[in-house]
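Novice:
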Amino acid sequence: MWRMVRILCAILAHLPIYVADIPGRCAKKGGNMTKRIRILVVLVVMAFAMHASAETVEMRGEVVDATFQIAPFTWTAPNFGGLYYDVDRNLMSDALTSTATAPDAINCGDLVYTAYRVESGYANPDIGGYFAVGWFGQKCMAINGKPYVLSPIICEMDTNDRIVLIPDEEWYIGNEYCLIAREIDPESDKVWLALEKDGVEVDAAVIHPRSDGDCFNNNMLINGSPGAYTVKMAAVSTASTFVYQKDIGMEDDVPIFSVYVEAIFRGTDTNAVQLKYAILIDDDPVKVINGGVGMMDVDAVTSESVRLSSDQRIPLTPDSDVNVAEGLWLHVADDMDNDAVRNHRYYPYLLYECASSGSNPTPPPPPPPPPPPVTTEIEGMLYAGQGIEIEHNIRIELVGTSGDPESADFRISSYRMPESLITIPRGDSSTEFIHLYDTSSGELIELDVIRVSGDSVHLMITTPWDWRVTDRYIARVDEVSIRGEVVEPTGEEIRGIIWDASDFTALGYDFNYDAATEILAIVPGTVSQNDRTIDVGYVEYGTSTRDTNFKYGAWGSYRTISFMAEDRLAGYGEGTDCAITDGTISLISRGMLSRVLIDEDKQHIIASGASLQLEEDYELKIVQLDFNGSKAQLELLRNGHSVDTEIVDVPDTFVYRKDLGKLDDVPIITAHIDAILADQPSVAINGIFQISEEYISVEAGNVYSKMEIGDVSSDGIGMTNIYPIHLLKGDTTKLMGNINFVVADNETLRFSPVVELTAPGNCEVRGAVARPDADMNDGFAWNASNFAALWYDFDSGTSTETLTINSLNGRVIEDDMMTYITHPVYQQYAINEAYNDVMIDSETGYTATGWITEKYVSPGGRADMLHRLLVEFEGDDRKTMAVGEPYDLGAGFTLTPQQIDLDGNKVWLTFARDGVEIDSEVIDASHGSSNQDRTFIAYLEDADGEDEIAVFHCYVDAVFRGTDFNIVQITHVFLIDNFCTEISTGDIYGAMEVVFTDYDEIVLANHVMPTILEPGSRQRVMGNIYLKTADDETAIRFYPAAEYTIGQDDPPGNPDPEV
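The opening residue of the sequence shown carries number 0 in numbering that gives the first Met the number 0; numbering runs sequentially from there.
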């Protein structure tokens, strides 16, 4: 039963079709918009992993048996839970009908999907109503009431949701849109709001609540019923609403975003504005009238509805799944009921990706064998995005948690065993809640979730008696920062400052050819401790093109360039195989750069009639095969529409060419068809290369943030700054692209270029390259200055970690020749930096230790006792909370302002974990109170219950008492977990073993096995740190790298995606 509840929760978190008035995901910087959900009755739910490359959830309709039942078969919201239903208005929008007369196929035109527009009102009373359309399981807005121009709703607040902003605070709404309160004036009761997209302002207005708002040009007065609506549209002046409208194609004044200004608050230190009723739609609508979707073609369009019908024969092959359109599928049963009758049962379903909702439900495990006579219990905390490894390379990663019912989702794998996703509910030492995992070595291990605390779990693993933890690693992160060498000028820099791939590893570097191709420089005599300004023209940037080999080696090479720390395609050169192009094609010479989307030599087996999914909505379909003539007919489709067809001799290379900008016939997609497999029948594809059709301009005069392109040629690009750059204390200044200058919050000028990566995918943070053939006198050492993954405190300039290789025997790092050393270091509390009269448990600071690239806290100063740092506000970070609103701090911890006094000077705060109060206090935030009085400190016993430690503190910056709502603003939030990781001699971390530990130091050495630096190899050191060796048989070059996955990676174990 618990699995069904978990699946329902996952579905309700992703599917607006099952809820009334669900807002979309609206995220304020530093927090999430609350969702309030009213649940309907759900018919049947089944979660599973199918063809898609991410975990999926199936929403099934009623089953029909074409052998006995007579068409037509119709599915609507009552018998197909995936279709749109407005519970508040009792309105349905779409229907699916099959009129197939033959039991084994649905012929052309026999499957019909109809979507009607239905009334749906804005929560905002200022702006009237709109029409909603259910479109293959997604709620969309009918633009200007037209059911054939649809825009998905990205964010929609319900009537209970609120958002509070202070001046210059950013609210990230979705789809790259951000709302900013530029100024708040309580005297005139006005607020200046600005809306940005991709950092560019698209609209701004001053709103006077209840008096003067924006004009709303699409106010709809809707009367009638579905199929017979009457609509009057008018432009109306709103009293309190900010509106952003734009013309899209033939549609005028499309209301992309609107929000209602409810109240303006005057605070003791800052002011605030409260907003509600926000709604944001996609600014790129779907124009249904222009064509069909998948196997469906537009059949009829009216002012009330759109009807699509199947434009091809759909075979009902037993035990098959057919993708009809978008997320709509048909599943045909395998006739296994042994009733001596050939049944043709099938049902429609909608397929949804669940990126982070959990794993596939697994069937109950078989009864366990008798336990071994002796076992070992491994117990500890695991946080979302973290993993541990135990004997036999068994890796267990915490993917996420659920609170109702309490459960945890894990990704688990072992040597030569495929990865799988499992969900384990929290248990009370009951075998019902213990998951058994059969390893590749035939051993059984037991996983028991003892406690779920927010996004962390207390996990117990029972293993054979001699097993132990052999590594801990980071499985997933939200972002990665790559720091260049930190500069601290002592006087005028007479030699200038230069960064390249050797000291800023985000810049372009060809490892196999040992060539740095990207340089960032500040000319001599520019900055000093007394001059923090870089004048116009004093930052110079240069990058050059280089050859990069195709992963499929027979194709030769193509031209790439690292531009603003991102690899781009510059063209196809002389080294490119003639099967792709018979001449040089230079994008950069025409002022363009593209991105390489796919470059691989993996083998894909694609059945005849199936497709291989590519990027940017392309798919390569195998139409038919000629086994005698070794020919294959291929069709390339985009969004279900054919764009190219070709018959190729096998083996051969298929190339799709298209005009790109100023260039004709640019190879966009290349695939090598290796063989025809007659027994399947299918084809083997063993090389794919695809570039993006979206290119960036690199013409002279183009400006990227503060830099302007000056020179462009087929060989490279040069840029200089056209705006002055002020290296202000504690500031981050955007230079260009993802490259920023980050300045320490310190009186001493200390700064560095930094690249911030947030796009989902895999990345590495590289250390300096070691070249033993050139210099091996004193070994090699990496610390935070030449290996940016190691922990470094920018403001104080301190670090603690060092990785050293003392000697090499040829290509072998022998036992004990590689060491990792770390030690604790004092860090001043941010609250004490701001208010030197504030003490935390009689201390002005704490002890921090860098540990395998992460920052930990060591209460009492012990290096071998590490507490996870959960929250640490920096600089001007602040959090605004409404009274009664719990602030989720992570790991199950929450802070809640329970009440504000009548004078608006005091606030009652409670600190809790897993809903159980730990501490509470009334904080006096009036002007007469001391900074110590405005500081809330909470204590908790450590995991052993021996000592009480100060795990949390914050500073109450301001209290706002409004007519209807009260809010509190806090700063300098600091939180550690009371659970402690104890480092002991003999502990194993990957290839390293703890050989010494005490209060002052931890030392690890490669005591487990020697490390061999084979050409092109990747050898694990510990955690996320690996040694990577150049694919060069003659010279030895290698570097340490920390590898990360940003965002939620795809669930494992899926076959090649097919459509």
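Note that CB positions come from ideal geometry on N, CA and C, so glycine has one too.
How many whole angstroms separate the CB atoms of ALA114 and PRO146, which I take to be in contact at a CB cut-off of 8 Å?
Specialist: About 6 Å; that satisfies the 8 Å criterion.
Novice: Assuming contact is defined by CB atoms lying nearer than 8 Å, are TYR571 and ILE584 in contact in what I supplied?
Specialist: yes
Novice: With a 10 Å radius around its C-beta and 16 neighbouring C-beta atoms as the bar for buried, classify ASN159 as buried or exposed.
Specialist: exposed
Novice: On the criterion of 16 or more Cβ atoms from any shown chain inside 10 Å, does TYR998 qualify as buried, or is it exposed?
Specialist: exposed
Novice: Between which two residues does the alpha helix (DSSP H) holding ILE830 run?
Specialist: Residues 829-833.
Novice: Check for me: the beta strand (DSSP E) holding ASP251 runs from which residue to which?
Specialist: 250-264
Novice: Whole-angstrom Cβ separation of VAL741 and LEU727, contact assumed at under 8 Å?
Specialist: With 8 Å as the limit, VAL741 and LEU727 do not qualify as a contact, their Cβ atoms being about 11 Å apart.
Novice: Please classify TYR825: is it buried, with 16 or more other beta-carbons within 10 angstroms of its beta-carbon, or exposed?
Specialist: exposed
Novice: Measuring alpha carbon to alpha carbon, tell me which residue in ALA699, LYS657, ARG59 and ASP513 is nearest ILE579.
Specialist: LYS657
Novice: For ILE153 and ASN174, which I take to be in contact (beta-carbon distance under 8 Å), what is that distance rounded to the nearest angstrom?
Specialist: 5 Å
Novice: How many Å lie between TRP790 and PRO1039 at the Cα?
Specialist: 14 Å
Novice: Enumerate in chain order the residues of its own chain whose CB-to-CB distance from GLU813 is below 6 Å, with the five nearest sequence positions on each side excluded.
Specialist: PRO1009
Novice: For ASN529, count neighbouring C-beta atoms within 10 Å of its own C-beta (all shown protein chains included) and say buried if the count is 16 or more, exposed if not.
Specialist: By the neighbour-count rule (16 or more Cβ atoms within 10 Å), ASN529 is not buried but exposed.
Novice: Could you tell me the boundaries of the beta strand (DSSP E) in which LEU789 lies?
Specialist: Taken as a continuous stretch (DSSP letters only), LEU789 belongs to no beta strand (DSSP E), as it is neither H nor E.
Novice: State buried or exposed for THR1028, treating a residue as buried only when at least 16 other CB atoms are found within 10 Å of its CB.
Specialist: Classification of THR1028: buried, given that the 10 Å Cβ count is 16 or more.
Novice: With ARG867 and ILE966 assumed to form a contact (beta carbons below 8 Å), what rounded beta-carbon distance in angstroms separates them?
Specialist: Their Cβ separation, rounded to whole angstroms, is 30 Å, which puts ARG867 and ILE966 out of contact at 8 Å.
Novice: If we count Cβ pairs, one from each stretch, closer than 8 Å, do we get three or more for the stretch 899-915 versus the stretch 798-813?
Specialist: no
Novice: Is it a yes or a no for the stretch 302-311 touching the stretch 75-91, going by three-plus beta-carbon pairs under 8 Å?
Specialist: no
Novice: Alpha carbon to alpha carbon, what distance is there between GLY989 and THR469?
Specialist: 6 Å
Novice: Which residues in the same chain have their Cβ closer than 6 Å to the Cβ of ASP534, if we skip the five residues on either side of it in sequence?
Specialist: PRO723.
Novice: Kindly give me the distance between the Cβ atoms of GLU871 and PHE973, rounded to whole angstroms, as I take these residues to be in contact under 8 Å.
Specialist: 6 Å
Novice: Does DSSP classify ALA553 as helix, strand or coil?
Specialist: helix
Novice: Cβ atoms of HIS343 and PRO71: under 8 Å apart, would you say?
Specialist: Contact flag unset, no.
Novice: With burial defined as no fewer than 16 other Cβ atoms inside 10 Å of the residue's Cβ, what is the status of ALA324: buried or exposed?
Specialist: buried
Novice: Using three-state DSSP, classify ILE1045 as helix, strand or coil.
Specialist: strand
Novice: Measuring straight from C-alpha to C-alpha, what distance separates ALA122 and GLY555?
Specialist: 59 Å
Novice: Please determine, among GLY120, ILE521 and TYR112, the residue with the shortest C-alpha to C-alpha distance to GLY293.
Specialist: TYR112
Novice: By the DSSP assignment, the beta strand (DSSP E) with THR893 in it spans what residues?
Specialist: 892-899 is the extent of the beta strand (DSSP E) around THR893.
Novice: Using beta-carbon positions only, say whether ASN218 and GLY136 come within less than 8 Å of one another.
Specialist: no
Novice: Which residues mark the beginning and the end of the beta strand (DSSP E) in which VAL323 is found?
Specialist: 319-324
Novice: Cα separation between ASP576 and GLY686?
Specialist: For ASP576 and GLY686, the distance between alpha carbons rounds to 13 Å.
Novice: Select from SER501, VAL242 and VAL1020 the residue whose C-alpha is nearest the C-alpha of THR818.
Specialist: VAL1020
Novice: Are VAL654 and THR669 touching if we call contact CB-CB under 8 Å?
Specialist: yes
Novice: Does ASN1023 pass the burial test, meaning 16 or more other C-beta atoms within 10 Å, or should it be called exposed?
Specialist: buried
Novice: Could you give the first and the last residue of the continuous beta strand (DSSP E) run that contains ILE247?
Specialist: 240-247
Novice: Could you name the residues of the same chain whose beta carbon sits closer than 6 Å to that of ARG450, not counting the 5 residues immediately before and after it, in chain order?
Specialist: So the list reads HIS457, once near-sequence residues are dropped.
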